[in-house]
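The next block holds one structure in the form of structure tokens; read it before the comments.
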Amino acid sequence: MKKTLEVLGMVCPFPLIEAKEAIKELNSGDELEVQFDCTQGTESIPRWAAEDGHTVTAYEQLGEASWTITIKKK
103 MKKTLEVLGM VCPFPLIEAK EAIKELNSGD ELEVQFDCTQ GTESIPRWAA EDGHTVTAYE
163 QLGEASWTIT IKKK
């Protein structure tokens, strides 16, 4: 299963907080795609995923200030 979390327009640290909450609802092996436009999230979201043992399966810059990152739950 893949869930999309759109947090465009939210300032940091709220995209990270929302991602942490959203991944709790997923089963192991499911993916969470986070769409965000907070520059700090480009570092904080992948760092959190790695520290919690999740895997970043995709990371793409969509525009000048927007990104999408897909995290596979451990």
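This note's numbering puts the last residue of the sequence shown at 176; the count rises by one with no breaks.
Glycine included, every Cβ here is placed at the ideal spot set by N, Cα and C.
Because the structure is a prediction, the values reported are computed rather than measured.
To the nearest angstrom, how far is it from the Cα of residue 176 to the Cα of residue 130? 5 Å
For residue 160, does the count of other Cβ atoms within 10 angstroms reach 16, so buried, or fall short, so exposed? exposed
Please classify residue 128: does DSSP put it in a helix, a strand, or coil? coil
Boundaries of the alpha helix (DSSP H) in which residue 111 is found, first to last residue: Note, residue 111: premise wrong, no alpha helix (DSSP H); not H, not E.
Return the residue from the list 153, 147 and 154 that minimises the CA-CA distance to residue 172. 147
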